[in-house]
Amino acid sequence: MINDANQKKIEQAVKMILEAVGEDPDRDGLVETPARVARMYGEVFSSVNAPAFDNYKLFPVDETTEMVLIKDISFYSMCEHHLLPFFGTVDVAYIPNHKRVMGLSKIPRLIDYCAKRPNVQERMTVNIAKELTRILDPKGIAVSVSARHMCMEMRGVEKTGSQTETSYYTGAFKEDHELKQEFLQRING
Ligand SMILES: Nc1nc2c(ncn2[C@@H]2O[C@H](COP(=O)(O)OP(=O)(O)OP(=O)(O)O)[C@@H](O)[C@H]2O)c(=O)[nH]1
Ligand SMILES: [Zn+2]
Numbered sequence: 001m002i003n004d005a006n007q008k009k010i011e012q013a014v015k016m017i018l019e020a021v022g023e024d025p026d027r028d029g030l031v032e033t034p035a036r037v038a039r040m041y042g043e044v045f046s047s048v049n050a051p052a053f054d055n056y057k058l059f060p061v062d063e064t065t066e067m068v069l070i071k072d073i074s075f076y077s078m079c080e081h082h083l084l085p086f087f088g089t090v091d092v093a094y095i096p097n098h099k100r101v102m103g104l105s106k107i108p109r110l111i112d113y114c115a116k117r118p119n120v121q122e123r124m125t126v127n128i129a130k131e132l133t134r135i136l137d138p139k140g141i142a143v144s145v146s147a148r149h150m151c152m153e154m155r156g157v158e159k160t161g162s163q164t165e166t167s168y169y170t171g172a173f174k175e176d177h178e179l180k181q182e183f184l185q186r187i188n189g
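Just so you know, we're using the UniProt record's numbering here: the sequence shown kicks off at 1 and counts up by one.
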């Protein structure tokens with residue numbers, strides 16, 4: 001959450017950027033832009049210095065419950081090198097432990113929590129697994145992230161539509177080749 005002082009700080013910075021690129025920050029279309037950008041940064045960076053993610057509920061299950069897989073969860077984040085968006089989908093699987101599972105909607109919420117800060121895709125991928133480990137202590141986690149990076153598309157190397165894929169495995173997914181293959185088959189098939 002951005003407080004009033006920081007909102008003003010961003011507004012001043014955006015005004016300076018507009019001036020530096022040769023724009024007139026006082027023209028009609030731009031006059032409210034610094035304030036809008038400050039509010040927007042408040043949204044897309046809302047996890048910076050936020051308290052640990054605690055918006056979840058755990059539910060009891062039988063100990064034989066197997067892989068819980070949620071596919072194609074959309075996310076939007078910002079690359080920390082250029083402050084341009086990278087966005088795509090996350091597939092997450094875990095093997096429950098301690099006879100408990102997490103409320104399903106809380107996994108996309110956790111992904112948003114991990115996404116709403118300046119990021120690199122690799123670190124976001126690992127962070128999702130770390131948060132799930134903290135909350136659930138599962139027998140294993142698999143996280144696969146596929147994303148488009150605007151810093152590679154609209155500038156720089158300009159490779160439109162290229163996808164960056166990252167993954168991270170813990171516990172049973174790391175040790176059990178068949179389980180990892182099952183995860184990959186289910187997310188790709
Ligand atoms: N590993 C990783 N790299 C990223 C990510 N997002 C952006 N990058 C890269 O960060 C690098 C920054 O490299 P620099 O050479 O300092 O920046 P640059 O001069 O703007 O580089 P170009 O993008 O090649 O023009 C670039 O290669 C980006 O593609 C990410 O999530 N993970
Ligand atoms: Zn970038």
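Glycine included, each C-beta is placed from N, C-alpha and C at the ideal position.
Nearest-angstrom beta carbon gap, residue j and residue i [assumed within contact, 8 Å]
i	j	result
Tyr113	Val143	Not confirmed; about 14 Å, so no contact.
Asn97	Asp54	With 8 Å as the limit, Asn97 and Asp54 do not qualify as a contact, their Cβ atoms being about 19 Å apart.
Where residue i sits in the DSSP three-state scheme
i	result
Gly42	helix
His98	coil
Pro108	helix
Asp28	helix
Lys71	strand
Arg123	helix
Tyr56	coil
residue 269	For residue 269 there is no data in the structure shown, the boundaries of the chain being 1 and 189.
Ala13	helix
Asp4	helix
Ala93	strand
Residues near residue i by beta carbon distance below 7 Å, same chain, minus five either side
i	result
Val37	Ile10 and Val14
Arg186	Leu69
Ile135	Tyr56 and Met102
Ala52	none
beta-carbon residue i near ligand 2 non-hydrogen atom, thresh 8 Å
i	result
Met154	no
Leu84	yes
His149	yes
Proximal residues to residue i (C-beta, below 8 Å), its chain only, five neighbours per side dropped
i	result
Thr133	Ile141 and Thr170
Ser19	Note on residue identity: the sequence assigns Glu, not Ser, to residue 19. Excluding positions up to five away in sequence, the list reads Pro25.
Gly161	Arg148 and Glu153
Close Cβ partners of residue i (< 6 Å) along its chain, the five nearest in sequence each way excluded
i	result
Glu165	Ser146
Thr65	Pro96
beta-carbon residue i near ligand 1 non-hydrogen atom, thresh 8 Å
i	result
Asn119	yes
Val157	yes
His98	no
His81	yes
Cys114	no
Glu165	no
Glu122	yes
Checklist entry - For the stretch 134-169, which segments carrying the beta strand (DSSP E) assignment without a break, of at least 3 residues, lie completely within its bounds, in sequence order? => result 140-149
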